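If you count the sequence shown from 1, you need to add 65 to reach my numbering. Following: one structure in structure tokens, then a few remarks.
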Amino acid sequence: MYRLLWTYQAKGALPSHAPLFWEDKIYLRDEQMRYHILDEKKGRLEWEFDLTGYGTSEPGRRPSIVQLGRGGWVYALDSKKKPIVWQFATNDQAIAPRYVHVEGGEAFVSCGSGRIYGLDWDTGRHKWTHELHRQVTDLTWDDPYVYYTNIEGWVWCFHVTERKEKWALQLDEPIISTPSVHEETLYVTGGGGSCWSIDKRTGSILWRGLTSGVCSASVGVSSELVLVPSQDGRLHALHKQDGSPAWQKKLAHRLFLSPEVDKDLVYVNDPHGQVHALQLKDGKEQWRHFVSGALSMKPCVRGDRLYLGGANGTLYAYVKKKKRAVVQVPAASSEMSRRPAATLSGEHSDGTMFRGSIGRFGVFPGETRQRKGSVLWTYKGNDGFYSSPIVDEDTVYIGSQASMFYAIDRRTGREKWSFSSSGSIWATCVVTDRYVCVGCDKEMYCLDKFTGRKVWTFSTGGWSWSSPSVVDGVLYFGSGEYVCYALDIETGQKLWATKGKGRCYFSPVVLDGVIYGGTRDGSVYELDRQTGKVNWSFKVKEELVHSSCCVMDDVLYFGGEKEFFYALDIPTQKILWKCKAPSGASSSPAVTDEMVYFGCRNSHFMAVERTEGKVVWKCDTQSSGNYSSPAVVGDVVYFGSNDHYLYAYDRFEGKLLWKFKTDEKAWTSPFVYNDIVYMGTDGGSLYAIQTKP
Numbered sequence: 066m067y068r069l070l071w072t073y074q075a076k077g078a079l080p081s082h083a084p085l086f087w088e089d090k091i092y093l094r095d096e097q098m099r100y101h102i103l104d105e106k107k108g109r110l111e112w113e114f115d116l117t118g119y120g121t122s123e124p125g126r127r128p129s130i131v132q133l134g135r136g137g138w139v140y141a142l143d144s145k146k147k148p149i150v151w152q153f154a155t156n157d158q159a160i161a162p163r164y165v166h167v168e169g170g171e172a173f174v175s176c177g178s179g180r181i182y183g184l185d186w187d188t189g190r191h192k193w194t195h196e197l198h199r200q201v202t203d204l205t206w207d208d209p210y211v212y213y214t215n216i217e218g219w220v221w222c223f224h225v226t227e228r229k230e231k232w233a234l235q236l237d238e239p240i241i242s243t244p245s246v247h248e249e250t251l252y253v254t255g256g257g258g259s260c261w262s263i264d265k266r267t268g269s270i271l272w273r274g275l276t277s278g279v280c281s282a283s284v285g286v287s288s289e290l291v292l293v294p295s296q297d298g299r300l301h302a303l304h305k306q307d308g309s310p311a312w313q314k315k316l317a318h319r320l321f322l323s324p325e326v327d328k329d330l331v332y333v334n335d336p337h338g339q340v341h342a343l344q345l346k347d348g349k350e351q352w353r354h355f356v357s358g359a360l361s362m363k364p365c366v367r368g369d370r371l372y373l374g375g376a377n378g379t380l381y382a383y384v385k386k387k388k389r390a391v392v393q394v395p396a397a398s399s400e401m402s403r404r405p406a407a408t409l410s411g412e413h414s415d416g417t418m419f420r421g422s423i424g425r426f427g428v429f430p431g432e433t434r435q436r437k438g439s440v441l442w443t444y445k446g447n448d449g450f451y452s453s454p455i456v457d458e459d460t461v462y463i464g465s466q467a468s469m470f471y472a473i474d475r476r477t478g479r480e481k482w483s484f485s486s487s488g489s490i491w492a493t494c495v496v497t498d499r500y501v502c503v504g505c506d507k508e509m510y511c512l513d514k515f516t517g518r519k520v521w522t523f524s525t526g527g528w529s530w531s532s533p534s535v536v537d538g539v540l541y542f543g544s545g546e547y548v549c550y551a552l553d554i555e556t557g558q559k560l561w562a563t564k565g566k567g568r569c570y571f572s573p574v575v576l577d578g579v580i581y582g583g584t585r586d587g588s589v590y591e592l593d594r595q596t597g598k599v600n601w602s603f604k605v606k607e608e609l610v611h612s613s614c615c616v617m618d619d620v621l622y623f624g625g626e627k628e629f630f631y632a633l634d635i636p637t638q639k640i641l642w643k644c645k646a647p648s649g650a651s652s653s654p655a656v657t658d659e660m661v662y663f664g665c666r667n668s669h670f671m672a673v674e675r676t677e678g679k680v681v682w683k684c685d686t687q688s689s690g691n692y693s694s695p696a697v698v699g700d701v702v703y704f705g706s707n708d709h710y711l712y713a714y715d716r717f718e719g720k721l722l723w724k725f726k727t728d729e730k731a732w733t734s735p736f737v738y739n740d741i742v743y744m745g746t747d748g749g750s751l752y753a754i755q756t757k758p
């Protein structure tokens with residue numbers, strides 16, 4: 066398992082290939098064509114370089130020099146002093162300029178037209194050009210060889226130092242992925258679902274394996290297996306010796322990123338923001354982790370670190386957890402290590418949801434900001450917002466007390482579309498790649514997320530105040546008629562319904578094949594995800610469970626409505642600790658590796674130590690309650706209050722960093738996306754609050 070070490074926010078989406086690492090630096094390109102040079106240890110930006118024009122190339126490497134290609138240009142930079150040492154115009158689109166150290170220090174640049182340029186490494190002087198006479202789709206280098214592919218199915222090998230084509234081979238499928246070299250073998254996948262193993266020296270086909278869908282990503286290779294992702298969402302494991310199938314695993318609707326093999330595990334990213342860790346021997350899943358937003362970069366393992374890259378431009382650096390003894394953590398004066406708050410756990414989610422992830426942690430990616438927030442824009446609805454905003458790609462989704470559901474452009478605050486429901490909307494929605502689902506009155510609506518068109522409606526016998534979860538195409542939610550439902554998200558057909566002993570207003574946590582939630586009679590339940598069968602229930606004496614729960618490390622965290630906040634050990638169903646919450650807990654918790662944060666029904670907000678339940682710090686907002694569930698970003702915890710303020714506190718020390726005045730009670734839970742805090746109020750205002758300097 067891993068924990069989040071740091072995050073870095075680039076200017077645009079990250080490309081599919083992994084960043085380059087050299088010495089203690091990370092060289093990262095975003096889709097806005099800026100190169101970011103980061104300190105690998107802490108993820109801090111050292112400097113960046115902005116390229117002009119269009120290009121899709123990776124940087125090459127050499128001590129003290131970084132070579133960059135874009136729009137036909139190749140740049141050589143001093144990686145420590147930043148100035149351009151030299152630049153060269155190829156008059157072509159350089160798809161992969163790379164440095165290859167052969168015969169006197171030449172830089173070899175390969176272009177999409179099929180030209181290869183030889184440049185003097187120190188001066189950039191053009192020395193020679195070679196024509197391949199074929200268009201190039203992609204390539205890979207294996208010094209001194211270059212292996213090319215194109216959309217017409219051609220694969221060929223070029224010897225750079227001899228400037229001679231060694232062999233060429235035409236396959237019967239278009240090649241749209243980057244070829245991979247492992248030991249003496251070249252692996253190529255095709256648009257028809259085939260995977261070829263080719264002798265890299267002679268071009269002879271060793272075997273051909275078949276998968277179930279279009280293969281547009283490079284393979285991963287272990288000592289015994291070839292791992293092939295396909296666009297039907299399956300990862301295929303083929304035997305390396307003969308290409309016969311070993312196992313396959315359905316992970317998502319589609320897979321288009323290359324897997325990463327590390328020891329006995331293979332890591333795979335799906336387009337919905339989920340990374341999967343599978344056992345190589347049988348494909349059995351070890352764990353899954355959901356991040357906020359889609360993943361656009363292949364996973365990258367480097368030593369004890371795992372790097373993930375998002376379509377929102379976030380680079381995540383995780384480090385392997387070390388086993389350590391549980392120690393007591395003192396109160397506010399403690400010297401807690403300041404690190405981003407996240408952990409890798411959770412189920413395979415198909416969407417973006419309340420609390421930011423399927424685990425309901427309330428932890429969002431981003432950098433620590435201690436600058437006072439400023440309004441980016443404000444959207445005014447027809448009535449108060451009690452449901453919380455959800456940000457998915459370029460849109461903010463939120464429901465109001467005016468029986469309206471809105472889709473708002475997250476950059477401008479302009480309304481994209483609205484939908485009129487049968488009653489006031491209290492529940493927070495869930496957003497998938499196609500749908501947005503939200504409960505209202507006694508209805509669950511499924512809408513087209515792009516147009517707002519109603520896809521289907523499911524009627525319940527009680528208020529639908531639960532924020533749904535979507536896992537593997539199934540929608541889970543609770544209702545006021547004491548029932549938890551599972552519906553097919555495509556059709557709205559009921560798969561099962563389980564009745565409890567209290568109103569089911571909880572937002573389900575789906576983890577390892579089970580569902581966790583609490584009901585108004587004071588019970589918490591574990592249900593089988595496939596059947597809805599109750600595995601066990603636990604009742605809190607004289608307490609009404611009000612907030613949604615969170616699960617971390619086999620512990621269920623939840624608040625009671627009267628007096629206490631609880632930590633329940635899942636394997637034994639025994640209370641590990643309970644913390645006095647004045648007048649009861651009023652919000653869902655935010656849970657990190659070290660701490661649990663929650664609001665109370667009086668005016669207190671509390672931070673308690675996660676393993677012991679000891680109060681680390683608390684603050685008093687002098688309000689009538691803190692019903693807004695907190696959001697953690699880096700070292701900051703955000704929450705709203707009934708005193709008409711959004712608060713930003715140092716989450717370790719309990720120091721107020723800043724507060725933002727709203728027009729009315731700040732009921733909703735903050736959603737943080739790209740350093741912007743989205744927050745709704747009882748007065749019908751939706752705020753986008755910029756925290757980035």
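Virtual Cβ for every residue (Gly too), placed ideally from N, Cα, C. Fair warning: this is a prediction, and the values are worked out from it, not measured in the lab.
{"Item": "Separation of W219 from L236, as counted between CA atoms", "Value": "6 angstroms"}
{"Item": "Cα-Cα separation between M362 and G582, rounded to whole angstroms", "Value": "34 angstroms"}
{"Item": "Cβ shell of N667 (< 6 angstroms), same chain only, five flanking positions each side left out", "Value": "P647 and S648"}
{"Item": "W87 versus V174: straight-line alpha-carbon distance, rounded", "Value": "20 angstroms"}
{"Item": "Neighbourhood of R518 by C-beta, 6 angstroms cutoff - its chain only, sequence neighbours within 5 removed", "Value": "none"}
{"Item": "Sub-8 angstroms separation of R266 and E249 beta-carbons", "Value": "yes"}
{"Item": "Runs of alpha helix (DSSP H) lying entirely within the stretch 657-727, each at least 4 residues, in chain order", "Value": "none"}
{"Item": "Proximity winner among D685, S453, R190 and E217, relative to V201 (alpha-carbon distances)", "Value": "E217"}
{"Item": "Bridge partners - L345, DSSP secondary structure assignment", "Value": "BP columns for L345 are empty, so no partner."}
{"Item": "Distance, T243 Cα to V697 Cα", "Value": "39 angstroms"}
{"Item": "T460 - DSSP class collapsed to helix/strand/coil", "Value": "strand"}
{"Item": "Residues sharing a beta bridge with G543, DSSP", "Value": "C549"}
{"Item": "Straight-line Cα distance separating D95 from N215", "Value": "25 angstroms"}
{"Item": "Per-residue burial, M66 [other beta carbons within 10 Å of its own, 16 or more giving buried]", "Value": "exposed"}
{"Item": "Inter-residue spacing [alpha-carbon to alpha-carbon] between W186 and S287", "Value": "35 angstroms"}
{"Item": "Terminal residues of the beta strand (DSSP E) in which K229 lies", "Value": "K229 to Q235"}
{"Item": "V634 versus V579: straight-line alpha-carbon distance, rounded", "Value": "According to the sequence displayed, residue 634 carries Asp and not Val. Spanning the two alpha carbons is a distance of roughly 15 angstroms."}
{"Item": "Residues bridged to M66 (per DSSP)", "Value": "None, per the DSSP bridge assignment."}
{"Item": "Cβ-based neighbour list, D115, same chain, cut-off 6 angstroms, excluding 5 preceding and 5 following", "Value": "R99"}
{"Item": "Beta-carbon contacts of R389 that lie in its chain and below 8 angstroms, excluding the five residues immediately before and after", "Value": "Per-residue confidence for R389 stands at a pLDDT of 37, beneath the threshold of 50, marking its modelled position as unreliable; no derived number is given."}
{"Item": "V599 and Y631 closer than 8 angstroms at C-beta", "Value": "no"}
{"Item": "Through-space distance from C684 to V702, alpha-carbon basis", "Value": "12 angstroms"}
{"Item": "For D747, the nearest candidate out of R228, Y332 and A467 (CA to CA)", "Value": "A467"}
{"Item": "Short Cβ contact (8 angstroms threshold) for H354 with V366", "Value": "no"}
{"Item": "Separation of F515 from R716, as counted between CA atoms", "Value": "37 angstroms"}
{"Item": "Reference S486, options D498, F629 and Y510, closest by Cα", "Value": "Y510"}
{"Item": "Helix, strand or coil at F153 [DSSP, three-state]", "Value": "strand"}
{"Item": "Top-ranked residue by Cα proximity to S259, from Q296, P324, G268 and F223", "Value": "Q296"}
{"Item": "Supposed close pair S483, M469 - CB separation, criterion 8 angstroms", "Value": "5 angstroms"}
{"Item": "Span separating the alpha-carbon of M744 from that of E113", "Value": "32 angstroms"}
{"Item": "Cβ shell of K231 (< 6 angstroms), same chain only, five flanking positions each side left out", "Value": "C222 and H224"}
{"Item": "As assigned by DSSP and simplified to three states, the class of I91", "Value": "strand"}
{"Item": "Cβ-heavy atom distance, R180 to the ligand MG, below 7 angstroms", "Value": "This structure lacks the ligand MG, and indeed carries no ligand of any kind."}
{"Item": "Spatial neighbours of P336 in its chain, beta-carbon cut-off 6 angstroms, leaving aside the 5 residues before and after", "Value": "A359"}
{"Item": "Beta carbon of G690 nearer than 8 angstroms to that of S651", "Value": "yes"}
{"Item": "Complete runs of the beta strand (DSSP E) confined to the stretch 595-657 [at least 3 residues]", "Value": "599-604, 615-617, 620-624, 629-634 and 639-645"}
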